[in-house]
Every structure is written in C-alpha cells, then in structure tokens.
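First the structure, in the form of structure tokens, and then the observations on it.
Residue numbers (my numbering): 258 to 345.
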C-alpha cells in the first residue's frame with residue numbers, strides 16, 4: 258500500500274480471490290482507500306469495478322496482472338509513487 262504524504266487516502270492493489278471467478282478475470286485493480294472506504298462492504302476500483310471486501314485478495318505492489326483501465330486512470334503523481342515503491 259502506498260500512502261501519499263499530502264493526501265489522507267492510500268493506494269492499494271487487490272483482485273478477486275482465487276476460485277470465485279475465472280483466472281482471466283482476476284486482474285489486479287488499484288483502489289484509492291480513504292478513511293471511509295468499504296463502509297458498504299464494497300470498494301470501488303479506479304476502473305469502476307466494485308469488489309466485495311470479503312472477496313478481495315490484497316496484493317503487494319508488482320504482483321498480479323494489472324488492470325489496464327485502472328492504470329490508465331492513474332495520474333502522474335500516482336505513477337511516480339508506484340515506480341518509487343517498486344524501486345524502478
């Protein structure tokens with residue numbers, strides 16, 4: 258998880274847990290987690306996918322096949338944070 262210094266939210270990576278859907282649908286989504294994220298039992302990925310909290314496998318950065326739509330929505334600041342976290 259990445260926490261930006263100037264924001265109160267965090268960036269997390271997660272996908273549907275194995276066995277709940279086909280492998281081709283288990284892409285790693287980006288989630289902007291705010292203090293009140295997941296209060297309804299679901300979290301919203303940047304691409305618009307809504308995943309139920311109990312069904313999410315949280316990943317470390319660099320794991321899983323990334324959701325291209327989530328990556329495309331990310332801003333330049335977030336991309337720089339990801340590169341720094343990954344050591345790139």
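Ideal placement from N, C-alpha and C gives every residue a C-beta, glycine not left out.
The structure displayed is predicted, hence computed values, not measured ones.
Residue 272 lies in the beta strand (DSSP E); which residues open and close that run?
For the purposes of this step, residue 272 is taken as residue 15 along the chain shown, with counting starting at 1. Unbroken beta strand (DSSP E) run through residue 272: 267 to 273.
Starting from the Cα of residue 278, find the closest Cα among 269, 309, 270 and give me that residue.
Stepping through the chain shown from its first residue, residue 278 is reached at position 21. The residue with the shortest Cα to Cα distance from residue 278 is 309.
Report the rounded CA-to-CA distance for residue 284 versus residue 298, giving the unit in angstroms.
Here residue 284 is taken as the residue at index 27 of the chain shown, counted from 1. Here residue 298 is taken as the residue at index 41 of the chain shown, counted from 1. Each residue's Cα considered, the two are about 20 Å apart.
Where residue 325 sits in the DSSP three-state scheme
Looking up residue 325 in the chain shown gives position 68. Correct three-state label for residue 325: helix.
Report the three-state DSSP secondary structure of residue 290 (helix, strand or coil).
Position 33 of the chain shown holds residue 290. Reduced to three states, the DSSP call for residue 290 is strand.
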